[in-house]
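Asker: The structure's right below; bear with me while I get my questions together.
Numbering (this note's numbering), first residue to last: 7 to 351.
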């Protein structure tokens, strides 16, 4: 029988609501049911409450001692608060899904390039010597990558930068002529604002600008220019400075796999019930299926539906490996999974 030790240190970031959701999703119950009711009425489904005790404190699930999982329901359980998971169940070598803060999602490939333009020539450079990073503020409409930045030929800037509004520098690149190309494309998140700015690596340079006929916002498919910028600050709508266009690649999600480490189990298991804990509701067309191996990955039962008991048809054994298949519908959306549970009987 397997023992899961969940001490207060183990469950940092493990909120009571997440604890409730894992229990209720596994058992197909209404999410309003209490943990007490689950232990009282459904011990045989998940965790057997022996003579150990449990308590809830400060809205976090703090377990005193350990809970024993009956051999009739051998399982994996984890929350993905880091790339390995709280209980270290993720095989990061064989997993090709991407970890993002507290969940896994499909990996991406860049699509064809598109230029989102300011639409102004920025002809002026009179009395504009400075050392400040000047450019444009952009609001991102769709998750995408920035490949390069094009400046006005009237600017003598030599380096381009992308900042988050909080001041975090995402990347920089040197201009070759009027184009600065990033060695690694910079990920831009839908709904966020960034500044696209340029300078002469701290030296005095001449910036190009325009103050007439401005009509913000300058809306595009991926980036809406909403004002000029000084470093990471939106400077307002009184000018347009340095930056003419942003070269963008839309994101294409592709199907990815989340794989567990090998876990020792008892032999003779014939059914499985696999539950992913979702970060958000699945988008139309997206789906999740599972594969499971009991012989350490030699044979698998594949395309297992989630959240229902399913017969295991592959070779019996004592080494459990589980996979979640994160399937995108049309490549524009992805499943996002922040935890899992695997039951066997």
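Yeah, the Cβ is synthetic: ideal placement off N, Cα and C, and Gly gets one too. Only a predicted model underlies this, so the values are computations on that prediction, with no experimental measurement involved.
Beta-carbon within less than 8 Å of residue 284's beta-carbon, same chain only, minus the 5 sequence neighbours each way: which residues are those?
Answerer: Closer than 8 Å at Cβ, skipping near neighbours: 341, 342, 343 and 344.
Asker: Can you find the residues in the same chain that come closer than 6 Å, C-beta to C-beta, to residue 176, ignoring five residues on each side of it along the sequence?
Answerer: Correct list, in chain order: 168 and 192.
Asker: To the nearest angstrom, how far is it from the Cα of residue 152 to the Cα of residue 197?
Answerer: Distance between the alpha carbons of residue 152 and residue 197: 15 Å.
Asker: Give every residue of the same chain whose Cβ lies closer than 6 Å to the Cβ of residue 265, excluding the five residues on either side of it in the sequence, and list them in chain order.
Answerer: Correct list, in chain order: 97, 100, 101 and 329.
Asker: If you drop the 5 nearest sequence neighbours on each side, which residues of the same chain put their C-beta closer than 6 Å to that of residue 148?
Answerer: Closer than 6 Å at Cβ, skipping near neighbours: 196 and 228.
Asker: Taking the CB atoms as reference points, tell me whether residue 327 and residue 298 lie closer together than 9 Å.
Answerer: For residue 327 and residue 298, yes; Cβs fall inside 9 Å.
Asker: Would you please state the rounded distance, in angstroms, between the beta carbons of residue 164 and residue 181? I believe it to be under 8 Å.
Answerer: That belief holds up - the Cβ atoms of residue 164 and residue 181 are roughly 5 Å apart, short of 8 Å.
Asker: Measuring straight from C-alpha to C-alpha, what distance separates residue 315 and residue 335?
Answerer: Spanning the two alpha carbons is a distance of roughly 25 Å.
Asker: Cβ atoms of residue 249 and residue 146: under 9 Å apart, would you say?
Answerer: Against a cut-off of 9 Å, the Cβ pair of residue 249 and residue 146 comes out as no contact.
Asker: Quick check: the Cα distance between residue 323 and residue 277, rounded to an integer number of angstroms?
Answerer: Taking the straight line from one Cα to the other gives about 13 Å.
Asker: Quick one: what does DSSP say residue 126 is sitting in, helix, strand or coil?
Answerer: It is coil, neither helix nor strand.
Asker: In or out: residue 287 buried (at least 16 other Cβ within 10 Å) or exposed?
Answerer: With fewer than 16 Cβ atoms within 10 Å of its Cβ, residue 287 is classed as exposed.
Asker: Tell me the residue span of the beta strand (DSSP E) that contains residue 297.
Answerer: Here the beta strand (DSSP E) through residue 297 covers 293-299.
Asker: Note down, in chain order, each residue of its chain lying with its Cβ closer than 7 Å to the Cβ of residue 273, except the 5 sequence neighbours on either side.
Answerer: Here the set comprises 322, 323 and 324.
Asker: Figure out for me which residue from 114, 159, 233 and 188 has the closest Cα to the Cα of residue 141.
Answerer: Comparing Cα-Cα distances from residue 141 to each of 114, 159, 233 and 188, the minimum goes to 233.
Asker: Output the residue ranges of the beta strand (DSSP E) runs that lie fully inside the segment 170-202 and measure 3 residues or longer, sorted by chain position.
Answerer: For the segment 170-202, whole beta strand (DSSP E) runs of length 3 or above, ordered along the chain, are 175-182 and 185-194.
Asker: Considering only their Cβ atoms, is the gap separating residue 95 from residue 267 smaller than 9 Å?
Answerer: Yes, Cβ-Cβ distance for residue 267 and residue 95 is below 9 Å.
Asker: For the beta strand (DSSP E) that contains residue 5, what are its first and last residues?
Answerer: Residue 5 is absent from the model: the chain starts at 7 and stops at 351.
Asker: Could you work out which residue in 144, 243, 108 and 171 is closest to residue 219 when comparing CA atoms only?
Answerer: Closest option to residue 219, Cα to Cα, is 243.
Asker: Give me the DSSP bridge partner(s) of residue 106.
Answerer: Paired residues: 109.
Asker: What would DSSP say about residue 282, mapped onto helix, strand or coil?
Answerer: DSSP places residue 282 in strand when its eight states are reduced to three.
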